[in-house]
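Engineer: Next up is a structure, given as structure tokens.
Number of protein chains: 2
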Amino acid sequence: MNDAISDILPRETVLHIRDTCLCLAAQRAARRLARRFDAALKPFGLTNGQFSLMVALNQPEPPPIGRLAPFLGMNPSTLTAAVKPLARRGLLTVEPDPDDRRSRRLRITREGVALMREAVEVWRAEHAALESDMDEDLPDTLRQGLAGIK
Amino acid sequence: MNDAISDILPRETVLHIRDTCLCLAAQRAARRLARRFDAALKPFGLTNGQFSLMVALNQPEPPPIGRLAPFLGMNPSTLTAAVKPLARRGLLTVEPDPDDRRSRRLRITREGVALMREAVEVWRAEHAALESDMDEDLPDTLRQGLAGIK
DNA sequence: TCTAGTTACTTTGATATCAAAGCAATATGA
DNA sequence: TCATATTGCTTTGATATCAAAGTAACTAGA
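Chain order of the listed sequences is H and L.
Each number in the working numbering comes from the position in the first sequence (counting from 1) with 531 added on.
Each number in the working numbering comes from the position in the second sequence (counting from 1) with 531 added on.
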């Protein structure tokens with residue numbers, strides 16, 4: 532007789548968590564959307580996350596990591612790692628801020644802009660297709676709901 | 532003169548994507564919720580994803596990987612990897628299905644159940660706290676919206 | 001000035017994530 | 001029954017993710 536058993540948690544507890552857990556619901560939806568946009572952006576060699584990061588670089592002043600991380604809901608160390616493949620491909624550069632040498636600013640390159648001009652059009656098409664799959668007011672409802680998670 | 536430039540994408544395009552992209556909004560919210568539940572479940576050595584997986588094992592018959600993956604919105608290969616640390620800790624076992632030896636069923640162990648009994652209470656408390664941070668009808672709105680993403 | 005504290009980021013080590021390719025078992029059709 | 005196709009899962013190689021601990025640079029207060 533080994534450890535494997537059938538003596539499980541109460542069925543109602545399991546169903547309750549399954550049906551109400553916002554964290555599970557969010558992870559599930561995030562994975563599905565990630566796969567969808569990863570596939571759409573594949574011709575550009577970009578993942579959904581890389582696309583979002585590249586979009587966020589388009590600011591009058593190249594933003595530092597410390598400003599991008601909260602915007603993306605991301606830990607700064609994740610961003611440090613995420614920058615590497617993009618820098619390696621020459622899509623962005625990392626420059627120390629002259630006014631504060633601790634801070635490092637991410638600047639999109641010409642190549643990055645050229646790639647993004649095309650990628651944005653694919654994003655538009657894919658997002659339109661996504662929304663057309665959904666009930667009328669679901670997109671806005673979702674946007675409001677997701678924005679409410681701090 | 533290097534590659535770095537200031538010739539960026541149209542400002543309106545950037546703002547449009549930033550404010551409407553459901554994929555970005557979902558990743559951002561998923562990261563925030565993941566961190567929150569990871570922190571709450573840390574005393575049990577469980578991540579939010581491990582918790583959800585363990586909950587899903589509580590079924591009359593131990594489910595095969597191929598049934599769990601779609602439930603979690605996950606690629607089967609991700610699940611194969613996710614199982615390893617949990618099996619190593621003795622929280623679940625992997626058994627070949629006697630009726631189809633390709634299929635592998637995940638069975639929660641006694642230890643797994645014991646751990647989950649406590650973890651579920653922490654989940655309850657954390658989820659209640661999460662919902663109390665939100666506007667009245669936001670949780671249900673979000674659940675419906677997230678469930679609408681296929 | 002120092003010096004202590006804070007901030008911005010990186011490194012480390014672990015798990016998470018996927019697509020693609022691979023393997024073995026099952027199912028199907030001739 | 002044999003060959004082919006399909007199915008269920010795993011492996012591989014790459015990026016993603018985090019917390020914790022580390023480093024360097026800045027700040028504030030004595």
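A virtual CB, placed ideally from N, CA and C, is assigned to each residue, including glycine.
Just so you know, these numbers come straight off a predicted model, no measurement behind them.
Could you pull out every unbroken beta strand (DSSP E) segment of at least 3 residues lying fully inside the segment 583 to 670 of chain H, listed in chain order?
Structural biologist: Entirely contained in the segment 583 to 670 of chain H, the beta strand (DSSP E) runs reaching 3 residues are, in chain order, 623 to 628, 631 to 639.
Engineer: Given this structure, state the Cα-to-Cα distance separating H/M532 from L/E626, to the nearest angstrom.
Structural biologist: One-based indexing of the first sequence puts residue 532 of chain H at position 1. One-based indexing of the second sequence puts residue 626 of chain L at position 95. Because H/M532 sits at a pLDDT of 48, beneath the cut-off of 50, its placement in the model cannot be relied upon, and the point is left open.
Engineer: Can you tell me the Cα-Cα spacing of H/I539 and L/T624, whole angstroms?
Structural biologist: Working through the first sequence from its first residue, we reach residue 539 of chain H at position 8. Working through the second sequence from its first residue, we reach residue 624 of chain L at position 93. Looking at the two C-alpha atoms, the distance is approximately 14 Å.
Engineer: Name the chain L residues that come within less than 8 Å of H/T611, Cβ to Cβ?
Structural biologist: Taking the first sequence and counting its residues from 1, the one referred to as residue 611 of chain H is at position 80. By Cβ distance, chain L contributes nothing, its closest Cβ being about 15 Å from H/T611, past 8 Å.
Engineer: In chain H, which residues lie less than 7 Å from L/F568 when you measure between Cβ atoms?
Structural biologist: Residue 568 of chain L sits at position 37 when you count from the first residue of the second sequence. Per Cβ cutoff of 7 Å: C554.
Engineer: Nearest chain L C-beta to H/P670 closer than 8 Å, yes or no?
Structural biologist: For the purposes of this step, residue 670 of chain H is taken as residue 139 along the first sequence, with counting starting at 1. Answer yes: the Cβ-Cβ gap between H/P670 and chain L drops below 8 Å somewhere.
Engineer: Comparing alpha-carbon positions, which option in H/A678, H/R563, H/G604, H/K615 lies nearest L/A600?
Structural biologist: Taking the first residue of the second sequence as 1, we reach residue 600 of chain L at position 69. Answer by Cα proximity: H/R563.
Engineer: Can you tell me the Cα-Cα spacing of H/H547 and H/D631, whole angstroms?
Structural biologist: As a first step, residue 547 of chain H must be located in the first sequence, where it is residue number 16. As a first step, residue 631 of chain H must be located in the first sequence, where it is residue number 100. So the two alpha carbons sit approximately 50 Å from each other.
Engineer: If distances are taken between C-alpha atoms only, which option among L/A660, L/A612, L/R620, L/V651 comes closest to H/P541?
Structural biologist: Numbered from 1 along the first sequence, position 10 holds the residue referred to as residue 541 of chain H. Ranking L/A660, L/A612, L/R620, L/V651 by Cα distance to H/P541 puts L/V651 first.
Engineer: Are the CB atoms of H/R567 and H/L637 within a distance shorter than 8 Å?
Structural biologist: Start at 1 with the first residue of the first sequence, and residue 637 of chain H comes out as number 106. Start at 1 with the first residue of the first sequence, and residue 567 of chain H comes out as number 36. Going by C-beta atoms, H/L637 is not nearer than 8 Å to H/R567.
Engineer: Report the neighbours of H/R562 on chain L: residues whose CB is nearer than 7 Å to its CB, in chain order.
Structural biologist: For the purposes of this step, residue 562 of chain H is taken as the residue at position 31 of the first sequence. Correct list: G604, M605.
Engineer: With distances taken from CA atoms, which of H/E657, H/T672, H/K681, H/S608 is nearest H/A569?
Structural biologist: As a first step, residue 569 of chain H must be located in the first sequence, where it is residue number 38. Checking the sequence shown, residue 569 of chain H turns out to be Asp, not Ala. When each option's Cα is compared against that of H/D569, the closest is H/E657.
Engineer: Against H/V651, what residues of chain L qualify as contacts under a CB-to-CB distance less than 8 Å, listed in chain order?
Structural biologist: The residue you call residue 651 of chain H lines up with position 120 of the first sequence. Near H/V651 (Cβ distances below 8 Å), the residues of chain L are L540, T544, I548.
Engineer: In three-state terms, what does DSSP make of H/T578?
Structural biologist: As a position in the first sequence, residue 578 of chain H is number 47, starting the count at 1. In this structure, H/T578 counts as coil in the three-state DSSP scheme.
Engineer: If distances are taken between C-alpha atoms only, which option among L/R655, L/E649, L/G679, L/D671 comes closest to L/P574?
Structural biologist: Numbered from 1 along the second sequence, position 43 holds the residue referred to as residue 574 of chain L. Closest option to L/P574, Cα to Cα, is L/E649.
Engineer: Tell me the rounded alpha-carbon separation between L/G643 and L/S583.
Structural biologist: In the second sequence, counting from the first residue as 1, residue 643 of chain L sits at position 112. In the second sequence, counting from the first residue as 1, residue 583 of chain L sits at position 52. L/G643 and L/S583: Cα-Cα distance of roughly 13 Å.
Engineer: Distance cutoff 8 Å, beta carbons only. Does L/D666 sit that close to anything in chain H?
Structural biologist: Here the question's residue 666 of chain L lines up with position 135 in the second sequence. Yes, its Cβ sits closer than 8 Å to a Cβ of chain H.
Engineer: Mind listing the chain L neighbours of H/I491? Cutoff is C-beta to C-beta under 7 Å, in chain order.
Structural biologist: Within the shown structure, residues of chain H are numbered from 532 to 681, placing residue 491 of chain H beyond reach of any answer.
Engineer: Under 8 Å between the Cβ atoms of H/G676 and L/L622?
Structural biologist: Within the first sequence, numbered from 1, the residue matching residue 676 of chain H stands at position 145. Within the second sequence, numbered from 1, the residue matching residue 622 of chain L stands at position 91. The answer is no: Cβ separation not under 8 Å.
Engineer: Does the distance from the CB of H/R635 to the CB of H/I596 come in under 8 Å?
Structural biologist: Locating residue 635 of chain H in the first sequence gives position 104, counting from the first residue. Locating residue 596 of chain H in the first sequence gives position 65, counting from the first residue. Taking 8 Å as the Cβ cut-off, H/R635 and H/I596 qualify as a contacting pair.
Engineer: Could you run through the segment 569 to 580 of chain H and flag, in chain order, every residue whose CB is less than 8 Å away from some CB of chain L?
Structural biologist: Against chain L - using a Cβ distance shorter than 8 Å - the residues of the segment 569 to 580 of chain H are N579, G580.
Engineer: Starting from H/I548, follow the alpha helix (DSSP H) in both directions and report where the run begins and ends.
Structural biologist: Sequence index remark: in the first sequence, residue 548 of chain H carries index 17 (1-based). Taken as a continuous stretch (DSSP letters only), the alpha helix (DSSP H) holding H/I548 covers 542 to 551.
Engineer: Quick check: what's the CA-CA separation for L/E594 versus L/A659?
Structural biologist: The count along the second sequence starts at 1 and reaches residue 594 of chain L at position 63. The count along the second sequence starts at 1 and reaches residue 659 of chain L at position 128. For the record, residue 594 of chain L in the displayed sequence is Pro; it is not Glu. Distance between the alpha carbons of L/P594 and L/A659 is about 29 Å.
Engineer: Can you pull the chain L neighbours of H/L617, defined as C-beta to C-beta under 8 Å?
Structural biologist: Counting from one through the first sequence, the residue named residue 617 of chain H turns up at place 86. What H/L617 touches in chain L: nothing, since even the nearest Cβ is about 13 Å away.
Engineer: Nearest CA to the CA of H/G580: which residue from H/P616, H/A556, H/P591?
Structural biologist: For the purposes of this step, residue 580 of chain H is taken as residue 49 along the first sequence, with counting starting at 1. The candidate whose alpha carbon is nearest that of H/G580 is H/P616.
Engineer: Answer yes or no: do L/A556 and H/R674 have a C-beta to C-beta separation smaller than 8 Å?
Structural biologist: For the purposes of this step, residue 556 of chain L is taken as the residue at position 25 of the second sequence. For the purposes of this step, residue 674 of chain H is taken as the residue at position 143 of the first sequence. A contact, by the Cβ cut-off of 8 Å.
Engineer: Counting C-beta neighbours from all protein chains within 10 Å, is the total for H/R611 16 or more, i.e. buried, or is it exposed?
Structural biologist: Position 80 of the first sequence holds residue 611 of chain H. Checking the sequence shown, residue 611 of chain H turns out to be Thr, not Arg. With fewer than 16 other Cβ atoms within 10 Å, it is exposed.
Engineer: Counting only beta-carbon atoms, is L/L673 nearer than 8 Å to chain H?
Structural biologist: Start at 1 with the first residue of the second sequence, and residue 673 of chain L comes out as number 142. It does: the Cβ of L/L673 has a partner Cβ on chain H nearer than 8 Å.
Engineer: Which residue's Cα is closest to the Cα of L/R565: L/T609, L/T551, L/W654, L/M665?
Structural biologist: Locating residue 565 of chain L in the second sequence gives position 34, counting from the first residue. Looking at the sequence provided, one finds Ala at residue 565 of chain L rather than Arg. The shortest Cα separation from L/A565 among L/T609, L/T551, L/W654, L/M665 belongs to L/W654.
Engineer: Comparing the C-beta of L/G597 with each C-beta of chain H, is any distance below 8 Å?
Structural biologist: What you label residue 597 of chain L is simply residue 66 of the second sequence in a count that begins at 1. No, no contact with chain H.
Engineer: Can you check whether the CB of H/I639 is closer than 8 Å to the CB of H/M605?
Structural biologist: Position 74 of the first sequence, counted from the first residue, corresponds to residue 605 of chain H. Position 108 of the first sequence, counted from the first residue, corresponds to residue 639 of chain H. In this structure, H/I639 does not lie closer than 8 Å to H/M605 by Cβ.
Engineer: Please look up how many angstroms separate the CB atoms of L/A560 and H/I680, rounded, as I've assumed it's under 8 Å.
Structural biologist: Numbered from 1 along the second sequence, position 29 holds the residue referred to as residue 560 of chain L. Numbered from 1 along the first sequence, position 149 holds the residue referred to as residue 680 of chain H. Contact holds; Cβ gap of about 4 Å.
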